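Numbering follows our numbering, in which position 362 of the sequence shown is assigned residue number 368; successive positions increment by one, without gaps.
Just so it is clear, CB atoms sit at the ideal spot from N, CA and C, and this is done for glycine as well.
Given the structure is predicted, the values throughout are model-derived calculations rather than measurements.
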Amino acid sequence: MLEALALDGRIGYHCLVAAGMQDSHFDAVIVGSGFGGSVMAYRLAEAGLEVCLLERGKTYPPGSFPRSPREMATNFWDPSEGHYGLYDLWSFNGIEALVASGLGGGSLIYANVLLRKDPNWFVTEDLERGGYEHWPVTRADLDPHYDRVEAMIKPQRYPAEHPPYDTTPKTREFAAAAERLGMKADLPPLAVTFANDERPPVPGEPIEEDKPNLHGAPRYTCRLVGECDIGCNIGAKNTLDFNYLSAAKRAGAELLTEAEVRSFEPLDGGGFRVGYVTHPEREEHALSAKRLVLSAGTLGSTFLLLKNRSAFPRLSPRLGTRFCGNGDLLTFAVNTGEPADAERGPVITSAIRYSDELDSDGAVGRGFYIEDAGVPAFVPWLVQSSDAPGALRRAAMVAWRVLRQRLVGDPQSNLSAEAAGILGDGDFSGRFLPLLGMGRDIPDGTMTLTKRGYLDVDWRTRKSGPYFDRLRAESRRLAQALGAEKLVDNPLWLLRRVITVHPLGGCPMGRTPEEGVVDAYGRVFGCPGLHIADGSVMPGPVGPNPSFTIAALANRFADAIVEEQAAVAGARGARPTTEPGRPLPRATEPAAVTGREGSCAVSFTEEMKGFVSFGEQDFDLGYRAGRETRTALMFHLTITADDVEKFIEDREHEGVAEGWVHCDALGGRLPVERGVFNLLVDVGQEGERRKRMLYRLHFSDGSGHPLTLAGHKVIEDDPGFDLWRDTTTLFTRVLRGHVGAVAAEEPEVVASGIIHIHGADFARQLITFRTDPPGRLDALGRFGALFAGDLWDVYGPTGEERSR
Ligand SMILES: Cc1cc2nc3c(=O)[nH]c(=O)nc-3n(C[C@H](O)[C@H](O)[C@H](O)COP(=O)(O)OP(=O)(O)OC[C@H]3O[C@@H](n4cnc5c(N)ncnc54)[C@H](O)[C@@H]3O)c2cc1C
Ligand code: SF4
Numbered sequence: 007m008l009e010a011l012a013l014d015g016r017i018g019y020h021c022l023v024a025a026g027m028q029d030s031h032f033d034a035v036i037v038g039s040g041f042g043g044s045v046m047a048y049r050l051a052e053a054g055l056e057v058c059l060l061e062r063g064k065t066y067p068p069g070s071f072p073r074s075p076r077e078m079a080t081n082f083w084d085p086s087e088g089h090y091g092l093y094d095l096w097s098f099n100g101i102e103a104l105v106a107s108g109l110g111g112g113s114l115i116y117a118n119v120l121l122r123k124d125p126n127w128f129v130t131e132d133l134e135r136g137g138y139e140h141w142p143v144t145r146a147d148l149d150p151h152y153d154r155v156e157a158m159i160k161p162q163r164y165p166a167e168h169p170p171y172d173t174t175p176k177t178r179e180f181a182a183a184a185e186r187l188g189m190k191a192d193l194p195p196l197a198v199t200f201a202n203d204e205r206p207p208v209p210g211e212p213i214e215e216d217k218p219n220l221h222g223a224p225r226y227t228c229r230l231v232g233e234c235d236i237g238c239n240i241g242a243k244n245t246l247d248f249n250y251l252s253a254a255k256r257a258g259a260e261l262l263t264e265a266e267v268r269s270f271e272p273l274d275g276g277g278f279r280v281g282y283v284t285h286p287e288r289e290e291h292a293l294s295a296k297r298l299v300l301s302a303g304t305l306g307s308t309f310l311l312l313k314n315r316s317a318f319p320r321l322s323p324r325l326g327t328r329f330c331g332n333g334d335l336l337t338f339a340v341n342t343g344e345p346a347d348a349e350r351g352p353v354i355t356s357a358i359r360y361s362d363e364l365d366s367d368g369a370v371g372r373g374f375y376i377e378d379a380g381v382p383a384f385v386p387w388l389v390q391s392s393d394a395p396g397a398l399r400r401a402a403m404v405a406w407r408v409l410r411q412r413l414v415g416d417p418q419s420n421l422s423a424e425a426a427g428i429l430g431d432g433d434f435s436g437r438f439l440p441l442l443g444m445g446r447d448i449p450d451g452t453m454t455l456t457k458r459g460y461l462d463v464d465w466r467t468r469k470s471g472p473y474f475d476r477l478r479a480e481s482r483r484l485a486q487a488l489g490a491e492k493l494v495d496n497p498l499w500l501l502r503r504v505i506t507v508h509p510l511g512g513c514p515m516g517r518t519p520e521e522g523v524v525d526a527y528g529r530v531f532g533c534p535g536l537h538i539a540d541g542s543v544m545p546g547p548v549g550p551n552p553s554f555t556i557a558a559l560a561n562r563f564a565d566a567i568v569e570e571q572a573a574v575a576g577a578r579g580a581r582p583t584t585e586p587g588r589p590l591p592r593a594t595e596p597a598a599v600t601g602r603e604g605s606c607a608v609s610f611t612e613e614m615k616g617f618v619s620f621g622e623q624d625f626d627l628g629y630r631a632g633r634e635t636r637t638a639l640m641f642h643l644t645i646t647a648d649d650v651e652k653f654i655e656d657r658e659h660e661g662v663a664e665g666w667v668h669c670d671a672l673g674g675r676l677p678v679e680r681g682v683f684n685l686l687v688d689v690g691q692e693g694e695r696r697k698r699m700l701y702r703l704h705f706s707d708g709s710g711h712p713l714t715l716a717g718h719k720v721i722e723d724d725p726g727f728d729l730w731r732d733t734t735t736l737f738t739r740v741l742r743g744h745v746g747a748v749a750a751e752e753p754e755v756v757a758s759g760i761i762h763i764h765g766a767d768f769a770r771q772l773i774t775f776r777t778d779p780p781g782r783l784d785a786l787g788r789f790g791a792l793f794a795g796d797l798w799d800v801y802g803p804t805g806e807e808r809s810r
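In C-alpha cells, the structure reads:
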C-alpha cells in the first residue's frame with residue numbers, strides 16, 4: 007500500500023479520497039511536517055489519537071531530489087507561478103529567510119546538526135525592564151525530551167578518526183585552525199547514518215532499518231558527496247520522513263501531502279474547522295478536529311495565525327513578536343592555505359563554540375557557534391563571492407532586486423520566483439570555505455501582514471550590531487587561522503541584511519498572554535484546543551542550530567496533550583464557544599423613492615480612520631495600543647436613510663450602509679456585506695439629551711471568517727460637551743461572527759479601538775449629502791440638524807450645494 011502510494015508521489019491524499027474520508031473529523035489535525043509537526047504526529051498517533059497531518063509540499067523519496075541547474079531553477083515553492091518545489095525563499099526588511107516545503111520540512115535540506123541549547127542560554131530577562139527574551143523552560147526541563155528525540159533520529163558524529171573520513175580536508179583544516187586559535191572544534195551529532203549499529207563506518211553500505219520506511223525505499227550510508235542541503239539522494243540523512251513520519255504512519259496517522267492549509271476557525275461546540283487546498287488542482291477541502299496543532303514553521307504558522315486571527319478574539323497581542331534569525335551570518339574564507347575541498351563530506355562536520363557572557367568564564371558579549379559549511383549548499387551557491395564574475399554578478403542581482411524591492415516598497419516578500427530566474431550553474435573553487443555563524447542575536451523583529459495580505463517581517467541588524475561585530479571579527483580570525491587571504495561577506499551584508507536559514511519567533515512562549523502567544527506547553531492562550539509546535543514558539547534565539555530544540559519542545563508539548571487527553575478520557579467534546587449572535591435583521595431597502603407621498607431619502611458618504619488593537623476590550627486602550635503597532639482600521643461608507651421623516655419620528659429606524667472596511671491585519675480592503683446604522687437613538691433619561699449613532703457592518707476577513715464592525719458615537723447635546731469630538735469619534739469594536747443588534751449571547755470581541763473623521767474629511771463629507779427627490783432642503787435641513795447638530799450650521803452644505 008505504502009509503496010503504491012509513494013509511487014504516486016502523494017502520500018495519503020488518494021487514500022483519503024478513495025476511502026471517502028475527505029471532510030472527516032480527527033482527534034488532531036497537524037499543519038506542517040517539519041520538526042514540530044513530525045514529532046507531534048508520531049507522539050499523538052502513538053498515544054491512540056486519530057491524527058491527520060497536512061503538508062503543503064511533495065514527498066521526496068531517495069533519488070527524487072532535483073540536481074540539474076535546469077531542475078533547480080524551478081525547485082521553488084511559489085504556487086502562484088506554478089512552482090511546487092523544495093525551497094521557499096523570503097525577503098523582508100533587513101533579512102532574507104530560506105525554509106523548505108516537503109514531507110519532512112526543513113530536515114530535507116538541513117545540514118543535519120543536532121545540538122542542544124546551552125543551559126545558560128535559556129535566559130530569563132526582565133521584559134518589563136527592557137529585556138528581550140524570557141524562556142519559560144530550562145535545559146533541565148528539556149533534557150529528557152532531547153533524549154527521546156535523539157533515540158528516534160539516531161544521530162552519529164562524523165567519524166573523523168576512521169579512514170577514509172580522516173582525510174576530509176575541511177574537517178581537518180577546521181580543527182587545525184581552531185587549535186591555532188587555542189580553541190577546540192567539536193564534531194557535533196549529525197542526523198546522518200555513517201555506520202550500521204556498532205559496525206565500523208563504511209561509505210555507501212545499505213542501511214539496516216528495523217522497520218520499512220514510508221517510501222519503501224532502500225537507504226545507504228553517507229557517501230560524503232556534500233549535497234545535504236539540496237536533498238540526500240541516497241537516503242543517508244536521517245530525515246524526518248525516515249523516522250518520525252514513518253513511525254506516525256505506522257501508528258495510524260494520515261499524512262496528506264500537497265495539501266496547503268489556508269484557513270481555520272473554532273467550531274461552536276468545540277473543535278476546529280480546517281480549510282485547505284490541494285496542489286496543483288487548487289481544489290478546496292475542509293476537515294474538522296478536536297485539536298489543531300500549527301507546525302507550519304516560524305513563517306508559516308505566524309502567517310496563518312495573522313491571517314486567521316479574527317477567528318480567535320482572545321489571541322495574545324504578542325502575536326508576531328520576538329522574531330529573529332538565530333544570529334545567522336554566512337561569510338567565506340577565500341583562498342585558504344590548504345584546499346578545504348568544501349564539497350567533500352556532509353555539509354557541516356564541525357563546530358566551534360564561542361562563550362557568552364552568561365557563561366561566566368570571562369567572555370564578553372553574546373555567544374555563538376561557527377561551523378564549517380560545505381557546498382553545493384543552496385545559500386552559498388546563491389551568494390558566493392570569490393573570483394567567479396558570473397556568480398558575483400548573480401549575487402549582485404539578488405542584492406539589487408532586494409534593494410529595489412525595499413525602495414519601491416513592493417509588498418510581495420516571497421522571492422522564490424526571482425531566485426528561480428537568476429540561478430546559474432554554480433562553480434566552486436576548492437580553496438574556499440563557507441563559515442556559518444549563528445548565536446544569540448536580539449529577537450526584536452515583528453511580523454505583520456502587508457496591505458495586500460502578504461507576510462512582512464521587520465527585523466534590523468541595528469540592536470544586534472555588537473553581536474554581529476563580534477561574530478565577524480571571530481570569523482575573520484578563523485579565516486586567518488585557515489591561512490585564507492581574506493574573509494568575504496555575503497553580498498547582502500553590504501546592505502546590512504542577513505540571510506537566515508533559522509527564522510524563529512512570532513508566536514513566542516510566555517508565562518502569561520501579556521508575555522507570549524503560547525504557554526510553556528505550546529497551548530495557545532485563550533484558545534482551548536489550539537496548539538503551536540515549531541520554531542515560531544521560540545521567545546528568542548536558540549543559539550546553536552535550532553531543530554533539536556524545536557523537536558524537544560514539540561515532544562514536551564505532545565506529552566501535555568497526551569496527559570490532558572488521558573485526564574479527560576471519557577469526556578466528550580469541548581466547551582461550546584460563544585454563539586455568534588442572532589442574524590442581523592434585514593435592513594430597510596435603500597429605496598431612493600419609497601412611493602410615499604412627501605417622503606424623501608437622504609444619502610451621504612462617510613470615511614473614518616483610526617486604530618484598533620486585537621484582543622482588547624477597552625476602546626481607548628485599544629486605540630493607543632493600535633497606534634503603537636500601526637494596526638490601522640478605516641471604513642468608507644455610503645449611508646442612505648430611505649425616509650427622513652421616519653428617522654425623525656422613529657429613532658430606531660435603520661438606514662443602509664454600503665462600502666468597505668479596510669484593515670491590513672484583517673486582510674486588506676473588505677466589502678461590507680450588509681450594513682445598517684441608526685441615527686441618534688435616545689439613551690439617556692428624559693431630559694438628558696444623550697444620543698448615540700450606531701453602526702453595524704457585516705463583512706468577512708481575508709480568510710473568509712465572518713466579522714461585524716460595531717461602532718457608536720455618543721452625542722451629548724448639553725452645553726459644555728464637545729460636540730465636535732462627539733460627532734466625529736466612533737468607538738469601534740470588531741466582533742466575531744455576523745452579529746445582530748440583539749445577540750443571544752455576549753459576542754466575542756476580536757479588536758477594539760477608536761476611529762475618527764478628520765476636519766477636512768468632515769467638511770468634504772457634508773457636501774456629499776444628497777436628497778432624493780433632489781432639492782428637498784427641508785428634509786436635508788432636518789436630517790442635518792439631527793446628524794451634526796450645531797455643526798451642521800458651520801460645516802453644512804451651502805444653499806446651492808443643498809439644492810443639488
Ligand atoms: C539550508 C538549511 C540548513 C539547515 N541546517 C540546519 C542544521 O544543520 N541544524 C538545525 O538544527 N537546523 C538547520 N536548519 C534549520 C531547520 O531546517 C529549521 O530550524 C527547522 O526545519 C524548523 O522546524 P519547524 O518545525 O519549525 O518548521 P519546518 O521544518 O520549516 O516545517 C514546516 C513545514 O510546514 C509546511 N507548511 C508551511 N505552511 C503550510 C501550510 N499552510 N499548510 C501545510 N503545510 C505548511 C512546510 O512545507 C514545512 O514542511 C537548516 C535550514 C536550512 C534551510
Ligand atoms: S554527504 Fe551526501 S550522502 Fe552524506 S548525508 Fe549529505 S548528501 Fe547524503
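- Contact annotation: Leu-715 and Thr-738 have beta-carbon atoms nearer than 8 Å.
- In the DSSP annotation of this structure, the continuous segment of the alpha helix (DSSP H) that includes Met-46 starts and ends at 41-52.
- Around the beta-carbon of Val-748, fewer than 16 other beta-carbon atoms lie within 10 Å, marking it exposed.
- Three or more beta-carbon pairs drawn from the region 175-186 and the region 342-362 are found closer than 8 Å, and the two stretches are therefore classed as touching.
- Looking at Leu-50, Leu-120, Phe-338, Asp-192, the one whose alpha-carbon comes closest to that of Trp-499 is Phe-338.
- Between ligand 1 and Phe-41, a heavy atom-to-CB distance of less than 7 Å is present.
- Across the structure, Gly-331 and Asp-540 are spaced so that their CA atoms are roughly 14 Å apart.
- Taken in chain order, the complete alpha helix (DSSP H) segments of 4 or more residues contained in the region 265-342 are 303-314.
- Scanning the region 735-786 from its first residue to its last, the whole beta strand (DSSP E) runs of 3-plus residues come out as 735-742, 755-762, 776-778.
- At least one heavy atom of ligand 2 sits closer than 7 Å to the Cβ of Pro-352.
- Gly-237 is positioned such that its CB atom lies no closer than 8 Å to that of Tyr-226.
- Ligand 1 never approaches Gly-451 closely enough for any of its heavy atoms to be under 7 Å from the residue's Cβ.
- Looking at the DSSP output, Ala-34 sits in a beta bridge with Val-57, Arg-297.
- Residues whose Cβ lies closer than 6 Å to any heavy atom of ligand 2, listed in chain order: Val-198, Cys-228, Arg-229, Leu-230, Val-231, Gly-232, Glu-233, Cys-234, Cys-238, Ile-240, Ala-242, Lys-243, Pro-352.
- Taken from the Cβ of Arg-62, at least one heavy atom of ligand 1 lies inside 7 Å.
- If you draw a straight line from the Cα of Ala-242 to the Cα of Val-523, it is about 37 Å long.
- 8 Å or more divides the Cβ of Arg-324 from the Cβ of Glu-131.
- For His-642, the secondary structure class from DSSP, reduced to helix, strand or coil, is strand.
- Counting only residues of its own chain and dropping the five nearest sequence neighbours on each side, Leu-364 has a CB closer than 8 Å to the CB of Asn-126, Trp-127, Val-129, Gly-373.
- Counting along the chain, the unbroken beta strand (DSSP E) around Met-453 starts and ends at 452-455.
- In the DSSP assignment, His-537 falls within the beta strand (DSSP E) that extends over 536-538.
- Between the beta-carbon of Pro-195 and that of Leu-120 there is about 5 Å, and that keeps the pair under the 8 Å contact cut.
- Here DSSP, grouped into helix, strand and coil, assigns Asn-561 to helix.
- By the Cβ criterion, the region 631-644 is not in contact with the region 741-755, since fewer than three pairs of Cβ atoms, one from each stretch, lie closer than 8 Å.
- Contact between Val-280 and Val-35 holds: CB atoms are separated by about 5 Å, below the 8 Å threshold.
- For the 8 Å CB-CB criterion, Pro-509 and Ala-103 form a contact.
- In the three-state scheme derived from DSSP, where H, G and I count as helix and E and B as strand, Ala-663 is classed as strand.
- In the DSSP assignment, Ile-159 falls within the alpha helix (DSSP H) that extends over 145-159.
- Between the alpha carbons of Ala-572 and Tyr-473 lies a gap of roughly 46 Å.
- Tyr-138 carries a coil assignment under DSSP once its states are collapsed to helix, strand and coil.
- With 16 or more other CB atoms across the displayed protein chains lying within 10 angstroms of its CB, Val-299 is buried.
- According to the DSSP secondary-structure assignment, Val-720 is paired through a beta bridge with Arg-698.
- Excluding five sequence positions before and after Glu-480, the CB atoms of its chain that fall closer than 7 Å to its own CB belong to Tyr-360, Ile-376, given in chain order.
- Unbroken alpha helix (DSSP H) runs of no fewer than 4 residues, entirely contained in the region 169-211, are found at 175-186, following chain order.
- Look at Gln-571 here: in three-state DSSP terms it is helix.
- If you check the C-beta of Leu-104 against ligand 1, you find a heavy atom less than 7 Å away.
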